[in-house]
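Below is one structure, written out as structure tokens; the observations come after it.
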Amino acid sequence: MNSSVGTTAETSSQRIIPAPCLGWSLVGAEEEQLVLEVLRSQALFRYYGPDPKSPPAMVATLEREFAALVGTRFALAVTSGTAALQVALGALGVGPGDEVIVPAWSWVSCFTAVVRVGARPVLAEVDQSLCLAPGEVARLAGPRTKAVLVVHFQGVAADLDAILAEAEAAGIAVLEDCAESPGALYKGRRVGSLGDIGIFSFQHHKTITSGEGGMVVTNDARRYERAVRMHDVGQFRPFHAAQIEPTETAFCGEQSRMSELTGAVALAQLRKVDRIRSHCRGLSLRLRTHLADLPGISLRPIPDPEGESGIETYFWVATPELRDAFRAELVAAKIPCDQMTGTYAQYNRAYVHSGLAHAPGATPFRPGPDWPDAAYRAESFPRTERLIHRFLVIPVGMKHTLADMDHIGAEVRRIHAQLQLG
Ligand SMILES: Cc1ncc(COP(=O)(O)O)c(C=O)c1O
């Protein structure tokens, strides 16, 4: 627990709860020092700089420390989490004619990245953990399915034992999307290290940030080589060849290399990830002690409670109307309760309704009068629909204290009594 977690003598009515803030709020001397190092070296590109005897080290160090933390053999830094998804899909060889199972409740890029590599996202139900529901891979995997994209939603690892077993039985690859859960664990292992390949994001809202940025991790040398080629217009430079002997035939890739400046910030942030996790987890555990016994409220089940990052606490009430009333009271009490995740259901998004990609031949869909077809309509996801209109979320961050959690807990209990939820 961070030393800033403590209690104060403020009374409930005085207390102002800060807006949630994660890695960006810790940007300070460490980031400054590493960025200055890069600027002073005048070596801004990761593969070479002005001095051939002293190759740039920031992105390389970030990759080495990232792989060591997550527990994978390889880590490859890229420009964003979205780029990381496309690089990972390319590394898995996913392309036109293939299908990828994607949770219906997930970020924009989880769908668009699959479309961008020419494959078809197949939407799957989530359970109350708000992660992919066990049973969905077995239900949806068919002859065209190449992979499942498992999102560890907002600091919580999905129920991986079940999902990994189903994926293995179906003969498909597992891509772990850890964009929202860096540092989280599942049964003692860091997320990103359990599937075939994993990705992370360092966008501003994420647990650790360099403004933009991402990472691909894997234990598989061939997939690493493909990821490197995918992110560097097909090339496999000597830096990577020093790690493994290339065996793949060259192919056309994209360009999503990380710069040394981004690498410097991401490296300083990476060194803070466990501090953020332990601070937020301590806060969320405290908040939940206030909520656990309230009738009419159910807390988000966490497949591995020991492993979560604790960045957000979700709870459900019986109806969307009660949720709206509860939320209005929380807002009136100045409790931050914004759904930072926005409207997440893929089947509600404009690109699904149009079925379009950037050019007619680039979409895996055939939009016509009956589009979207049943697999992309809300009524086909009753489990997800039953869940997503009734929850409230309380995010926590580095500026919150245990006393803030006690205050929020007391306010939730007051509103609960006022709305007669018991
Ligand atoms: C689950 C998930 N995957 C992928 C991404 C994409 O990351 P980025 O914004 O860095 O492209 C995000 C970011 O919001 C995300 O939440």
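Residue numbers (numbering that gives the first Met the number 0): 0 to 421.
Using N, Cα and C, we set each Cβ at its ideal position, and we do this for glycine too.
Cβ separation of A137 and I171, assumed to be a contact under 8 Å, to the nearest whole Å: So it is not a contact: roughly 11 Å between Cβ atoms.
Stretch-stretch touch, CB-based, cutoff 8 Å, three pairs: the segment 69 to 78 with the segment 111 to 126: no
Simplified DSSP assignment, three categories, for Y223: helix
Spatial distance of L401 from A409 (CA atoms): Going by C-alpha positions, L401 is about 12 Å away from A409.
Sub-7 Å separation of G421 and G262 beta-carbons: In this structure, G262 does not lie closer than 7 Å to G421 by Cβ.
Outcome for K145 when other beta-carbon atoms lying within 10 angstroms are tallied against a minimum of 16: The residue is buried, with at least 16 neighbouring Cβ atoms inside 10 Å.
W23 beta carbon less than 7 Å from that of H203: yes
Boundaries (first-last residue) of the alpha helix (DSSP H) holding D273: 272 to 290
Range covered by the alpha helix (DSSP H) that runs through Y375: Where Y375 is concerned, there is no enclosing alpha helix (DSSP H), because DSSP gives it neither an H nor an E.
Spatial distance of P381 from S53 (CA atoms): 58 Å
Contained beta strand (DSSP E) runs [length at least 3] in the segment 195 to 239, N- to C-terminal order: 196 to 200, 213 to 217
Rounded Cβ spacing between E259 and M57 (contact assumed at less than 8 Å): 5 Å
Coil, strand or helix - F390 by DSSP: strand
T383 CB to nearest heavy atom of ligand 1 below 6 Å: no
Entirely enclosed beta strand (DSSP E) segments - the segment 60 to 133, minimum 3 residues: 73 to 77, 98 to 102, 119 to 123
C-alpha distance - E305 paired with Y185, whole-angstrom precision: Using only the alpha carbons, I get a separation of about 8 Å.
Residues of its chain near A183, where Cβ-Cβ distance is below 8 Å and the 5 sequence neighbours each way are ignored: H151, G154, V155, A156, C177, R189, V190, R276, G306, E307, S308
Beta carbon of F425 nearer than 7 Å to that of S209: A query on residue 425 cannot be resolved here, the shown segment of the chain reaching from 0 to 421 and no further.
Sub-7 Å separation of P181 and I207 beta-carbons: yes
Neighbourhood of G94 by C-beta, 7 Å cutoff - its chain only, sequence neighbours within 5 removed: V116, G117, A118
Proximity to V227 [Cα-Cα], best of G252, R285, E135: G252
Three-state class that DSSP yields for E247 in the structure shown: For E247, the three-state secondary structure derived from DSSP is coil.
Selection from V272, L282, V316, R274 that minimises the alpha carbon distance to L293: V316
Where the alpha helix (DSSP H) containing Q361 begins and where it ends: Strictly speaking, residue 361 in this sequence is Ala, with Gln absent from that position. First-last for A361: undefined, no H or E at that position.
Other residues of its chain near R222: CB distance less than 6 Å, five sequence neighbours each side excluded: The beta carbon of R222 sits closer than 6 Å to the beta carbons of A90, I196 from its chain, once the five residues preceding and following it are set aside; these are given in chain order.
CB contact flag (A267, E29, <7 Å): yes
R412 in three-state terms, based on DSSP: helix
Ligand 1 heavy atom lying under 6 Å from the CB of D176: yes
Unbroken alpha helix (DSSP H) run spanning A261, endpoints: In the sequence as presented, Ala is not what sits at residue 261; that position holds Thr. Where T261 is concerned, the enclosing alpha helix (DSSP H) stretches over 259 to 269.
DSSP three-state assignment for Y313, whether helix, strand or coil: Here Y313 carries a strand assignment [DSSP, helix/strand/coil].
Assigned secondary structure, Y185 (DSSP; H/G/I helix, E/B strand, else coil): strand
N-terminal and C-terminal residue of the alpha helix (DSSP H) that D303 is part of: That residue, D303, is in no alpha helix (DSSP H); it is neither H nor E in DSSP.
A140 - containing beta strand (DSSP E), residue span: No beta strand (DSSP E) holds A140; DSSP gives it neither H nor E.
Straight-line gap, L61 to G212 (C-alpha atoms, nearest Å): 12 Å
Cβ neighbours of L422 in the same chain (closer than 8 Å, five flanking residues each side left out): A query on residue 422 cannot be resolved here, the shown segment of the chain reaching from 0 to 421 and no further.
Counted within 10 angstroms of its Cβ, other Cβ atoms place V216 as buried (16 or more) or exposed: By the neighbour-count rule (16 or more Cβ atoms within 10 Å), V216 is buried.
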